[in-house]
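Start counting the sequence shown at 1; every next residue gets the next number (UniProt numbering). Think of the CB as a built atom: it goes at the ideal place given N, C-alpha and C, for glycine as much as any other residue. Have a look at the structure below, then the notes.
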Amino acid sequence: MTATWTWARVVAGIAVAAIVIALAVVLPVTLGAARTSDSAGGGDARTVPLPPGGNEPVYATLLRMQGVDPGTATLTATADDHESAIKTRLWEQHLPPLLVPRIPGTDTHAAARAHLIAQLERAGFHVELDEFNATTPLGTKPMANIIATWDATAPNRLILAAHYDSKYMPGQTFIGATDSAAPCAMLLDLAYTVAPGLNATKGGETTLQLVFFDGEEAFVDWTATDSIYGARHLAAKWTEMRAPGSADRSMLDSITTLVLLDLLGARTGPVRNLQRATASQFQTLVTVERDLHARRFLTSKATHKYFDATELRVHVEDDHLPFWQAGVKVVHAIAVPFPDVWHTVADNGDALDPVVVVDLARVFGAFVVEELKLKAPART
């Protein structure tokens, strides 16, 4: 059966985020939380040996990057261990400054941007701003995309991205914890986690770039001109800008894959593959999650899945759109159906599950290690 329809979500009389769905096969969509009982049990400590010969597993590389010897590491993560998750660097340092309204042009938006820049620079990334004035239905708004690059001279780049602005909702205090404070915090934590591996892997053709888009949210109604301001501006800019060391390749041509994080951090069903062209990259997310689970490096229950490789033919308009339209390969890591708190004042810190937030950061970090074939720093 073939069906095509448009699903427009309406919140408080404002139509937003049109979703165009084209289903070649009717696929089941799991609604609500996807947690099940932990048949494997949890809470016991394990000593994980370094496997003899062969390639080192991703989890071991991550542990080495954090200065832990995987040959003798004792992993003490328990099933759904919230106490462990809330004591992490991500939850205590990276996330709190972002749990504020982040409407472009406001002081709290500027403070969130300053926090992102400071943390990225501290992690060792080269940070630049793509500043511009956007024409919106509410007048001209100053905006700035944040671009953090590990090796600015590398000819290619793997991009992980999220938007750091929050929606303007008159008369209401909207935080946008899943949308997208938590994804931004995940990227900050990822930056610190993989930095030693990036530093140890010299001369690669592809570097890591983290992009924090401004102005994703519509100010009135979601349209082609009232949405994704920062993404549209940067895609147009990079179309004309030459890639490092090339006279004929644009910056868009230098992007191997754009991985966009959005609406993550709450307890939802697994993220599914929305792009057939990047099925292999999405499978990497599935594989590293399974590996990290097996080695007890994630704190969620072993039966819980964050990623499901089942293809879901759903197109969600988001920051990836102008890049995808220009031919860039995209992995859209977004919760579909959207979290219940989407575009409501309930999308605050209470909507986040610390276990989910911390685990997803670790999975995306392992994905970067695998995609870039990073090495562990030498032990001294």
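Let me check understanding here. Comparing Cα to Cα, which of the options lies closest to residue i?
{"i": "ARG89", "options": "LEU321, LEU187, SER246, GLU128", "result": "LEU187"}
{"i": "THR140", "options": "LEU352, LEU234, TYR229", "result": "TYR229"}
{"i": "LEU258", "options": "GLN172, GLU371, ASP165, LYS202", "result": "GLU371"}
{"i": "PRO97", "options": "ILE103, PRO104, THR108, LYS87", "result": "THR108"}
{"i": "ALA366", "options": "LEU312, ARG290, HIS320, HIS304", "result": "ARG290"}
{"i": "GLY215", "options": "GLN209, ASP248, THR223", "result": "THR223"}
{"i": "HIS320", "options": "HIS163, ALA110, LEU138", "result": "HIS163"}
{"i": "VAL357", "options": "PRO183, LYS305, ARG295, ARG113", "result": "PRO183"}
{"i": "TRP324", "options": "ARG276, ALA351, LEU352", "result": "ARG276"}
{"i": "ARG113", "options": "ASP81, TRP91, PRO170, PRO142", "result": "PRO142"}
{"i": "GLU205", "options": "THR106, SER246, ALA361, ILE175", "result": "SER246"}
Who are the Cβ neighbours of residue i in its own chain at under 7 Å, not counting the five residues just before and after it?
{"i": "PHE364", "result": "LEU160, MET186, LEU190"}
{"i": "HIS293", "result": "ALA302"}
{"i": "residue 381", "result": "Look at the range of the chain in this structure, 1 to 380, and you will see that residue 381 is not part of it."}
{"i": "PRO137", "result": "PHE219, VAL220, ASP226"}
Helix, strand or coil for residue i per DSSP?
{"i": "SER280", "result": "helix"}
{"i": "ARG232", "result": "helix"}
{"i": "THR257", "result": "strand"}
{"i": "GLN325", "result": "helix"}
{"i": "ARG295", "result": "coil"}
{"i": "ILE117", "result": "helix"}
{"i": "ASN199", "result": "helix"}
{"i": "VAL314", "result": "strand"}
{"i": "HIS304", "result": "coil"}
{"i": "MET186", "result": "helix"}
{"i": "ALA148", "result": "strand"}
{"i": "ASP262", "result": "strand"}
{"i": "LEU90", "result": "helix"}
{"i": "THR206", "result": "strand"}
{"i": "GLY176", "result": "coil"}
With a CB to CB cut of under 8 Å and the five nearest residues on each side skipped, what residues in its chain are close to residue i?
{"i": "ILE334", "result": "LEU260, LEU261, ASP262, LEU263, LEU264, VAL271, LEU274, VAL316, ASP318"}
{"i": "ALA326", "result": "ALA235, THR239, LEU252"}
Enumerate in chain order the residues of its own chain whose CB-to-CB distance from residue i is below 6 Å, with the five nearest sequence positions on each side excluded.
{"i": "VAL211", "result": "ILE147, ILE159, ALA161"}
{"i": "HIS126", "result": "THR149, ALA152"}
{"i": "VAL286", "result": "PHE307, ALA309"}
{"i": "HIS233", "result": "PHE132"}
{"i": "VAL336", "result": "VAL314"}
{"i": "MET251", "result": "TRP238, MET241, ALA243"}
{"i": "TYR168", "result": "ILE103, PHE219"}
{"i": "PHE129", "result": "It should be noted that the sequence gives Leu, not Phe, for residue 129. Same-chain partners within the cutoff: ALA144."}
{"i": "TYR192", "result": "ALA123"}
{"i": "PRO322", "result": "ALA231, ARG232, ALA235"}
{"i": "GLN281", "result": "THR257, VAL331"}
{"i": "LEU374", "result": "GLY197, THR201"}
So the alpha helix (DSSP H) residue i belongs to, where does it begin and stop?
{"i": "GLY365", "result": "354-372"}
{"i": "ASP221", "result": "No alpha helix (DSSP H) holds ASP221; DSSP gives it neither H nor E."}
Looking at the secondary structure, which residues open and close the beta strand (DSSP E) in which residue i lies?
{"i": "GLN135", "result": "It should be noted that the sequence gives Thr, not Gln, for residue 135. Looking at the DSSP string, the run of the beta strand (DSSP E) that includes THR135 is 126-136."}
{"i": "MET169", "result": "Counting along the chain, MET169 falls outside any beta strand (DSSP E), and DSSP gives it neither H nor E."}
{"i": "HIS343", "result": "Looking at the DSSP string, HIS343 is not in any beta strand (DSSP E), and its letter there is neither H nor E."}
{"i": "HIS82", "result": "Premise fails: HIS82 lies in the alpha helix (DSSP H), 82-85, not in any beta strand (DSSP E)."}
{"i": "ARG102", "result": "Neither: ARG102 is in no beta strand (DSSP E) and is coded neither H nor E."}
Nearest chain C C-beta to residue i closer than 8 Å, yes or no?
{"i": "LEU372", "result": "In the structure shown, chain C does not exist; there is a single protein chain."}
Would you call the segment 320-333 in contact with the segment 341-350, where contact means no fewer than 3 C-beta pairs closer than 8 Å?
no
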